[in-house]
Amino acid sequence: MRTMLLSETAESIKNMEIRGAGRIARAAVEALADYARSLDVSDPAVFRQEMNKAAGILIETRPTAVSLPNAVRSVIRALDGFESVEAAKKAVLSRAAEFIQRSEHAVERIAEIGARHISDGDILLTHCNSEAALGCILEAHRQGKDIEVYATEVRPRGQGLITIRTLNEAGIPTNYIVDSAVRHFINEVDMVFVGADAIAVNGAVVNKIGTAQIALAAHEARTNFIVAAETYKFAPRTILGELIEIEERDPAEVLPREVAEELPYVRVRNPAFDVTPADYIDLIVTEQGAIPPELAFTVIRDYLGWTIEEWR
Ligand code: RI2
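Taking my numbering as reference, the numbering of the sequence shown is continuous, increasing by one, and the terminal residue is 468.
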């Protein structure tokens, strides 16, 4: 019965019913805690083995958002050194609850810190649907700042629709534009706010496909480009030169299969994310404070607790 939640959650992350890097991480941790609760075994080694298997299933669902392995591993690390299943279970459950609480609190802190960068009268642009980036915009509005937003459509999955619904509900004047209209409007924009699925040690940000060309347009127009991301979206393994895998999704998200079948020489490419170089990023707002992208390494070292030594 309980295994159901694990496989259901894994399936919902894969098909993007559960989406957004932070939400994915929290859902995976919840599924892992639920699985731990349901495991009826008495041997701690077996318990650990089962938990590792479950962790693997969750991590494999989407390859890019590093929030997912970071969250799952932090729960799995709580398993270390217990002699009884009871004790290990307790440790896992409390680590999971702590992660979820910290993650929610991080979004609130980011909103407070990010909103300080938004001034009365600002026109903002956001891409995709990031609870961290939207949090900053909503908080600025809540503080009474008079703002206006440009929100992109976000081909092919259309997450912009979720964003404009949220902005509309808050009563924020919003312009809904197709992704390719960003260059046309960028000179009217004071500041771009986006989220992140992963941040590399060199400060490069992996986010929804299209983010990098928005950053390029913003750079050329001298428009500030701000990323809102929890510290657990920084990718420790990039210290070792590991590249962040860019997920390529089903071509049918872009072109209906029956149309594609009529075009044998056409290959549809559907990367879900792209990489924005640190040069185009002015600031990364984390729950620990706003940093220039060049300080990504210190976040990995100080808040994720990973060092190169661990891998020797
Ligand atoms: P929060 C999303 O990925 C978007 O790329 C978004 O910018 C990012 O996660 C961060 O979202 P997808 O799941 O964690 O839509 O800030 O592919 O909500």
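We treat Cβ as the ideally placed atom computed from N, Cα and C, and that holds for glycine.
* Between Ala166 and Ile213, which are expected to be in contact by the criterion C-beta below 8 Å, what is the C-beta distance as a whole number of angstroms? -> Under the criterion of beta carbons closer than 8 Å, Ala166 and Ile213 qualify as touching, at roughly 5 Å.
* Whose CA, out of Asp190, Ala326, Val197, Ala385, lies closest to the CA of Val231? -> Asp190
* To do: Starting from the Cα of Pro449, find the closest Cα among Pro225, Arg457, Arg321, Tyr436 and give me that residue.
  => Tyr436
* Asked: Where do the N-terminal and C-terminal ends of the beta strand (DSSP E) with Asp302 fall, by residue?
  -> Note, Asp302: premise wrong, no beta strand (DSSP E); not H, not E.
* Please confirm whether any heavy atom of ligand 1 lies closer than 7 Å to the CB of Gly270. => no
* To do: Please list, in chain order, all residues of the same chain as Tyr459 whose beta carbon is under 7 Å from its beta carbon, the five residues on each side excluded.
  => Thr387, Gln444
* In chain order, each beta strand (DSSP E) run of at least 3 residues that lies wholly inside the segment 346-407 -> 347-350, 361-364, 380-384
* To do: Pull up the distance between the alpha-carbon of Phe203 and that of Glu325, whole angstroms please.
  => 45 Å
* Buried or exposed (CB count within 10 angstroms, at least 16 for buried), His261 -> exposed
* Residues sharing a beta bridge with Asn426, DSSP -> Paired residue(s): none; Asn426 is not in a bridge.
* Asked: Do the segment 277-292 and the segment 241-256 touch if we need at least three Cβ pairs shorter than 8 Å?
  -> As far as the Cβ criterion goes, the segment 277-292 does not touch the segment 241-256, which means the pair count is below three.
* **At least 3 beta-carbon pairs within less than 8 Å: the segment 373-389 vs the segment 257-271** => yes
* Asked: Taking the C-alpha atoms as reference points, what is the distance between Asn226 and Arg413?
  -> 35 Å
* Would you mind working out which of Asp335, Pro392, Gly351 sits nearest Ala370, comparing C-alpha positions? => Inspection of the sequence shows that residue 370 is occupied by Ile rather than by Ala. Considering only alpha carbons, the answer is Asp335.
* Asked: Apart from the five residues just before and just after Gly359, which ones in its own chain have a Cβ nearer than 7 Å to its Cβ?
  -> Ala434, Ile437, Pro449, Glu450, Ala452
* Entirely enclosed alpha helix (DSSP H) segments - the segment 225-274, minimum 4 residues -> Complete alpha helix (DSSP H) runs here, min 4: 241-271.
* **Cβ pair Val222, Ile400 closer than 8 Å** => yes
* Asked: Exposed or buried, what is Leu290 when buried is set at 16 or more other beta-carbons lying within 10 Å of its beta-carbon?
  -> Taking every protein chain shown into account, the CB of Leu290 has 16 or more other CB atoms within 10 angstroms, so this residue is buried.
* Is the Cβ-Cβ distance between Leu188 and Val241 less than 8 Å? -> no
* **Residue environment, Asn363, which counts as buried when at least 16 other CB atoms sit within 10 Å** => Counting the other Cβ atoms within 10 Å of the Cβ of Asn363 gives 16 or more, which makes it buried.
* Does ligand 3 have a heavy atom nearer than 7 Å to the CB of Glu167? -> Of the ligands one can find in the structure shown, namely ligand 1, none is ligand 3.
* Asked: How long is the line joining the alpha carbons of Leu411 and Arg313, rounded to whole angstroms?
  -> 12 Å
* Just to check, is the beta-carbon of Arg259 closer than 7 Å to a non-hydrogen atom of ligand 1? -> Before going further, note that residue 259 is Ser rather than Arg in the sequence given. Flag unset: Cβ of Ser259 not near ligand 1.
* Gly461: buried (16+ other C-beta within 10 angstroms of its C-beta) or exposed? -> exposed
* **Inter-stretch contact (C-beta, 8 Å, three-pair minimum) for the segment 343-350 and the segment 269-279** => yes
* Burial state of Arg378 (16 or more Cβ within 10 Å) -> Exposed, because fewer than 16 other Cβ atoms sit within 10 Å of the Cβ of Arg378.
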